[in-house]
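Numbering follows numbering that gives the first Met the number 0, with no gaps: position 92 of the sequence shown is 91. Every residue, glycine too, gets a C-beta built ideally from N, C-alpha and C. Everything below concerns the one structure shown next.
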Amino acid sequence: MNDRYDPGYGGDQYELVGYDEYGRPVYRQVPAQQTQTYDPYAQQGQPGQQGQPGQHQGYGYDPYAAGQQPPPAYDYGGGQYGSYDPYAPGAHQSGGPAAHDPYGQSAAGAGTAQQPRVAERTAHIPQQAGPADGDVPDRSEPDYRTEQFAFVEEPDDNSEDVIDWLKFTENRTERREEARRRARSRLVALAVVLALAAVGGVGYLWYAGKLPALSSEDSATGTATAAGAQKRDVIVVHLHNTKGGTSTALLVDNTTTKRGTTVLVPNSLALTSDDGTTTTLAKSVDDDGSDGTRDALDSVLGTDIQGTWRLDTPYLQNLVDLVGNIEVDTDTDVPDPAAKKKGQAPLVSKGEGQTLSGKMAVAYATYRAPGEAQNAQLERFGQVMQAVLRKISSDPQGATTTIQTLSQILDPSLTDKDLGSFLAGLSDLAKGGDYKTDLLPVQNDGTLSAQASAGVVKNVLGGTAKSPDKDAAVSVSVQNASGVKDNTEKARVVLLNGGFTFLEGGTPGAARATSQVVYADAARKADAAEVAKTLGLPPGSVTKGKISSNAGIAVVLGQDYKP
């Protein structure tokens with residue numbers, strides 16, 4: 000960068016002193032050295048012999064004189080040289096360099112050989128307007144601006160490689176950081192989902208009353224309230240075997256938890272009859288009918304049964320045939336009731352996924368092997384009912400049409416449309432795997448255990464078990480082995496009038512000659528003697544033994560019984 004400025008006129012020189020507030024350069028005039036004007040031809044004593052002044056190589060100095068510094072020379076296109084100041088007064092009056100007097104003879108009033116220079120002017124930008132007075136910025140501190148510098152980029156063979164490596168490193172680092180952030184986000188999201196799932200699962204179990212720690216009524220009042228607040232639709236089904244016997248089940252549709260259940264009710268369940276006496280479920284179905292049995296079940300289980308569906312075995316057979324057979328995992332071989340010879344192939348074979356027709360389904364649902372408990376036959380009936388529900392249409396109209404096709408006379412508590420809609424809802428749950436079958440645990444005396452009260456009764460049925468008071472009356476089971484069918488009813492009337500509770504014990508296969516009164520608990524010995532006296536039996540008929548029924552005292556009427 001040059002620090003001096005040569006205008007090209009008159010030999011005046013300028014140097015750079017800085018920049019104004021607009022970034023423009025500011026110059027000042029450099030004072031010239033005092034030189035003497037001389038005649039190069041004075042030594043020869045012949046001025047003017049060398050030609051015209053315009054032909055001299057220079058004016059006012061000897062180029063060969065030692066120690067002389069030649070002034071700057073300018074070329075104006077015609078080969079004329081000279082020291083010319085374009086800013087000196089009168090410089091343009093005589094027409095430029097031609098008016099210059101190299102001998103100093105034309106200087107008016109010149110007492111010396113040299114004109115004094117004009118005083119140095121204020122520094123300004125040549126050929127530009129100078130700064131106004133008082134408008135010169137403070138230059139005490141150096142003012143550097145970006146436009147003052149020029150950066151020259153030197154090419155480097157490795158510069159592109161370095162840039163590429165930096166970009167690669169930066170991108171890889173960013174990718175790693177982004178991967179870490181995504182991993183942390185996923186972990187946080189997974190933890191939140193697991194926490195919500197755990198809370199939701201515990202909440203559902205609490206709401207459904209299925210938490211083990213909260214299964215007792217004494218330890219979880221809130222759980223019992225939640226289970227009781229669930230909405231359930233319940234109907235009772237009585238399967239009447241035309242060959243004798245009854246099987247009972249409760250069909251439950253929990254619309255709150257979206258689950259269905261078949262609750263199998265043993266015939267030995269103790270109920271309170273219409274006259275306030277204690278009876279069994281089987282006896283209640285025969286004696287009190289559907290309405291009385293439904294009310295008795297509501298009192299014992301604390302439920303609200305909406306209706307009764309009496310399903311005789313012929314209608315069950317037709318129902319299975321209408322839905323197109325069923326599949327059941329059978330637990331035993333069932334012989335064909337119509338077989339005339341022993342050893343013939345069973346009607347129903349034991350195995351998984353057995354296809355049963357209507358006739359086979361009825362045989363399996365009512366089969367009870369010799370010496371087998373009634374609960375085993377009841378569980379087979381539950382298998383058949385669940386298999387039928389899986390085959391019934393999930394459409395309410397379709398299920399209603401199936402019920403109407405049976406041409407069955409329904410109980411007044413249920414219409415064909417209500418029953419069809421109810422079965423369609425259970426069918427949807429059974430097909431989706433949200434259906435199960437539970438057996439109501441009943442103790443030997445016909446009452447419900449604490450386990451049944453805490454489990455099936457409260458959680459499934461949403462009720463509270465209220466078994467009849469065992470101390471209210473002594474229950475007496477009567478088995479008629481006298482060979483006279485009417486003796487059972489006559490004994491029942493006598494015992495009820497004597498303040499006892501009558502339980503029917505059925506009829507044995509063979510008749511007996513003598514009657515017998517059996518008690519199992521020594522505390523019941525006096526009650527047993529009172530029962531014998533009431534029935535008119537001798538005191539010797541009273542004995543201690545084992546009672547298989549749920550009664551306190553068991554009576555076997557022999558041929559010696561005289562009502």
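Output the distance between the C-alpha atoms of N324 and L425, rounded to the nearest integer angstrom. In the sequence shown, the residue the question calls residue 324 occupies position 325. In the sequence shown, the residue the question calls residue 425 occupies position 426. Their backbone Cα atoms lie some 18 angstroms apart in a straight line.
With K543 as the anchor, note down where its alpha helix (DSSP H) starts and where it stops. Mapped onto the sequence shown, residue 543 falls at position 544. Taken as a continuous stretch (DSSP letters only), K543 belongs to no alpha helix (DSSP H), being part of the beta strand (DSSP E) at V541 to K543.
Is D485 helix, strand or coil when you go by DSSP? By 1-based counting over the sequence shown, the position of residue 485 is 486. In the structure shown, D485 falls within a coil segment according to DSSP collapsed to helix, strand and coil.
What residues are listed by DSSP as bridge partners for D252? Start at 1 with the first residue of the sequence shown, and residue 252 comes out as number 253. D232 and G259.
Could you tell me whether the Cβ atoms of P313 and T241 are closer together than 9 angstroms? Stepping through the sequence shown from its first residue, residue 313 is reached at position 314. Stepping through the sequence shown from its first residue, residue 241 is reached at position 242. Going by C-beta atoms, P313 is nearer than 9 angstroms to T241.
Just to confirm my understanding: we take G76, look at its own chain, exclude 5 residues before and 5 after, and list those with CB closer than 8 angstroms. What are they? Here residue 76 refers to the residue found at position 77 when the sequence shown is read from its first residue. Because G76 sits at a pLDDT of 43, beneath the cut-off of 50, its placement in the model cannot be relied upon, and the point is left open.
V293: buried (16+ other C-beta within 10 angstroms of its C-beta) or exposed? On the sequence shown, residue 293 is found 294 positions in, with the first residue counted as 1. Note that residue 293 is Arg in the sequence shown here, rather than Val. Classification for R293: buried.
How many Å lie between D328 and Q316 at the Cα? Here the question's residue 328 lines up with position 329 in the sequence shown. Here the question's residue 316 lines up with position 317 in the sequence shown. Answer to the nearest angstrom: the Cα atoms are 18 angstroms apart.
Per DSSP, what are the beta-bridge partners of I552 in this structure? Walking along the sequence shown from the start, residue 552 turns up at place 553. Looking at the DSSP output, I552 bridges to V475 and Y518.
Let me know if A196 comes out buried or exposed under the rule of 16 or more other beta-carbons within 10 Å of its beta-carbon. Taking the sequence shown and counting its residues from 1, one reaches residue 196 at position 197. When all chains shown are included, A196 counts as exposed.
Secondary structure at K349, three-state DSSP: helix, strand or coil? Taking the sequence shown and counting its residues from 1, the one referred to as residue 349 is at position 350. Correct three-state label for K349: coil.
Grab me the residues of G66's own chain with a C-beta within less than 6 angstroms of its C-beta, minus the 5 sequence neighbours each way, in chain order. The sequence position of residue 66 within the sequence shown is 67, counting from 1. Residue confidence for G66 is low, a pLDDT of 46 falling below 50, so the modelled location carries little weight; the figure read from the coordinates is stated next. Excluding positions up to five away in sequence, the list is empty.
Name the DSSP beta bridge partners of T279, please? As a working note, residue 279 is residue 280 in the sequence shown. DSSP links T279 through a beta bridge to A269.
What does the alpha-carbon distance come out to for the pair G393 and T331? As a first step, residue 393 is located in the sequence shown; it is residue number 394 there, counting from the start. As a first step, residue 331 is located in the sequence shown; it is residue number 332 there, counting from the start. The sequence shown places Ser at residue 393, not Gly. It is roughly 31 angstroms from the alpha-carbon of S393 to the alpha-carbon of T331.
Neighbour-count burial assignment, D410, 16 or more Cβ in a 10 Å radius: Along the sequence shown, read from residue 1 onward, the residue named residue 410 stands at position 411. Sixteen is the threshold: when 16 or more other Cβ atoms of the shown chains lie within 10 Å of the Cβ of D410, as they do, the residue is buried.
Tell me, please, which residues DSSP counts as bridged to G27. Within the sequence shown, residue 27 is the residue found at index 28, counting from 1. It is worth fixing the name first, because residue 27 is Arg in this sequence and not Gly. DSSP lists E14 as partners of R27.
Alpha carbon to alpha carbon, how far is A528 from V361? Numbered from 1 along the sequence shown, position 529 holds the residue referred to as residue 528. Numbered from 1 along the sequence shown, position 362 holds the residue referred to as residue 361. Taken atom to atom, the span from the alpha-carbon of A528 to that of V361 is near 44 angstroms.
Relative to the C-alpha of G244, which residue among L556, A429 and S267 is closest? Indexing the sequence shown from 1 puts residue 244 at position 245. The residue from L556, A429 and S267 with its alpha-carbon nearest to that of G244 is S267.
Put G557 into one of helix, strand or coil per three-state DSSP. Your numbering for residue 557 matches position 558 in the sequence shown. G557: coil per DSSP, three-state reduction.
Closer than 8 angstroms is the cut-off here; do at least three beta carbon pairs connect the region 513-521 with the region 529-545? Segments in contact, yes.
Residues near S476 in its chain [Cβ-Cβ closer than 6 angstroms; skip 5 each side]: If you number the sequence shown from 1, residue 476 lands on position 477. Around S476: L502, G504, S548, A550 and A553.
State the DSSP-derived secondary structure class of S184, mapped to helix, strand or coil. The residue you call residue 184 lines up with position 185 of the sequence shown. Helix at S184.
Looking at the secondary structure, which residues open and close the beta strand (DSSP E) in which G535 lies? By one-based count along the sequence shown, residue 535 stands at place 536. Unbroken run through G535: none, as it is neither H nor E.
Taking the beta strand (DSSP E) that F421 belongs to, which residues open and close that run? Locating residue 421 in the sequence shown gives position 422, where the first residue counts as 1. Where F421 is concerned, there is no enclosing beta strand (DSSP E), although the alpha helix (DSSP H) around it starts and stops at D415 to K430.
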